Amino acid sequence: MTETAKGVGAIILACTIWGLSGLFYKLLAGLPVLDILAHRTLWGAVFFLLILGVQGRVGAPLRVLRGRGTLRILAGASVLIALNWMLFVWAIKSGQALEASLGYYIFPLVAVLFGLLFFGERLRRAEALAVLLAALAVAVLTAGLGVAPWIALSIAASFGAYGALKKHLDVGPVVSVTAESLLLATPALAWLVWSAVQGGAVTGDPGRWR
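Residues in the sequence shown are numbered consecutively from 643, following this note's numbering.
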């Protein structure tokens with residue numbers, strides 16, 4: 643299998659998993675958004691550390707976090723991705739999955755816009771036509787919602803800003819995401835402890851599942 647075929651396969655698999663994740667979060671509709679976000683952060687950190695452990699690179703995220711410049715970028719990126727996750731989970735829980743999915747459909751347009759504005763990139767004619775068609779599709783979908791798509795726009799903007807910020811980071815994706823998860827792990831754990839004291843559903847009173 644060529645590298646291009648592997649890349650296309652990885653994209654298809656990632657999009658399929660991401661699309662199906664909405665069904666999972668819907669099953670957790672009785673839980674507070676921040677509880678879900680905290681668990682996602684902590685278990686995500688564990689998962690990525692296991693991957694890096696298998697690869698013999700478990701210390702790489704800590705080395706990256708020691709650099710002052712990279713630490714600032716990763717701190718900003720961690721805030722943006724946490725906001726993006728929170729908006730997505732909240733949209734699913736509140737019955738607005740369509741608008742959440744629209745946000746990730748708008749995201750490529752935001753990425754193109756950021757590339758033009760901040761990185762001096764230019765579109766060829768065919769690329770500009772593709773962007774125009776995508777923008778028209780977004781306009782049609784937005785009109786179908788019948789309301790201002792602030793959730794979709796917030797999801798697209800936060801994910802676009804996250805990608806633009808990470809462009810300044812010369813670190814592999816698994817290492818950088820692990821480092822972000824580690825930065826978020828302390829507030830996530832603190833929230834779960836507080837939630838448990840208050841009778842949180844996942845670590846405290848199971849009655850909150852109902």
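Virtual Cβ for every residue (Gly too), placed ideally from N, Cα, C. Source: prediction; values computed, not measured.
Excluding the 5 residues preceding and the 5 following residue i in the sequence, name in chain order all residues of the same chain whose CB lies nearer than 7 angstroms to its CB.
i	result
Ala687	Thr820, Ser823, Leu824 and Ala827
Val700	Leu691 and Leu694
Asn726	Ile797, Ser800, Phe801 and Tyr804
Leu684	Ala827, Ala830 and Leu831
Arg852	Bear in mind that the predicted position of Arg852 carries a pLDDT of just 47, short of 50, making it unreliable; the figure below should be weighed with that in mind. Hits under 7 angstroms: Gly672.
Using only the alpha-carbon positions, how far apart do residue i and residue j sit?
i	j	result
Ser743	Arg766	28 angstroms
Ala798	Leu740	14 angstroms
Trp732	Val675	6 angstroms
Ala830	Gly661	24 angstroms
Leu853	His681	One cannot answer for residue 853 here, as it falls past the ends of the chain, which runs 643 to 852.
Ala777	Ala785	12 angstroms
Phe756	Leu775	18 angstroms
Tyr667	Lys735	7 angstroms
Phe749	Leu713	25 angstroms
Leu758	Ile693	35 angstroms
Glu705	Ala790	According to the sequence as given, residue 705 is Arg; it is not Glu. Those two C-alpha atoms are separated by around 44 angstroms.
Gly711	Gly805	17 angstroms
Val816	Glu763	26 angstroms
Lys853	Leu655	What the structure shows of the chain is the stretch from 643 to 852, and residue 853 is not part of that stretch, so it cannot be assessed.
Leu795	Gly709	33 angstroms
Leu702	Thr644	Checking the displayed sequence, the identity of residue 702 turns out to be Ala instead of Leu. The alpha-carbon atoms of Ala702 and Thr644 are separated by roughly 28 angstroms.
Gly698	Ser663	29 angstroms
Met728	Trp833	14 angstroms
Thr646	Ala768	21 angstroms
Cys657	Leu665	14 angstroms
Phe689	Leu707	18 angstroms
Val650	Ile659	14 angstroms
Phe730	Leu787	17 angstroms
Gly814	Leu771	32 angstroms
If I follow the unbroken alpha helix (DSSP H) through residue i, where does it start and stop?
i	result
Leu811	Taken as a continuous stretch (DSSP letters only), Leu811 belongs to no alpha helix (DSSP H), as it is neither H nor E.
Val782	Arg767 to Leu787
Once you ignore the five residues that flank residue i on each side, which residues in its own chain have a CB closer than 8 angstroms to its CB?
i	result
Gly846	Confidence in Gly846 is poor, its pLDDT being 48 and thus under 50, which makes the residue's placement too unreliable to answer from.
Leu811	Thr712, Ile715, Leu716, Ala719 and Ser818
Can you list, in chain order, the residues of its chain with a C-beta nearer than 6 angstroms to that of residue i? Leave out the 5 residues immediately preceding and following it.
i	result
Lys808	Ala719
Ala783	Here the sequence assigns Leu to residue 783, which means Ala is not the residue at that position. Within the same chain, Leu783 has close Cβ partners Leu744.
Phe761	none
Leu670	Ile678
Just confirm the distance between the C-beta atoms of residue i and residue j, as a whole number of angstroms; I'd bet it's less than 8 angstroms.
i	j	result
Leu716	Ser818	7 angstroms
Gly802	Ala753	5 angstroms
Gln738	Ile793	6 angstroms
Val721	Leu751	About 23 angstroms; that fails the 8 angstroms criterion.
Val780	Tyr747	6 angstroms
Confirm the yes/no value for this check: CB of residue i, any heavy atom of the ligand FAD, distance under 7 angstroms.
i	result
Phe801	Absent from the structure shown: the ligand FAD. Ligands present: none.
Using beta carbons (cut-off 8 angstroms, strictly below), is residue i in contact with chain C?
i	result
Val752	Protein chains in the displayed structure number just one, and chain C is not present.
Item to complete: Only counting runs of 4 or more residues, tell me where the alpha helix (DSSP H) segments fall wholly within the stretch 662 to 720, in order along the chain.
Response: 675 to 697 and 702 to 707
Worksheet item: Taking only runs of the beta strand (DSSP E) that begin and end inside the stretch 718 to 744, which ones reach a length of at least 3 residues, in chain order?
Response: none
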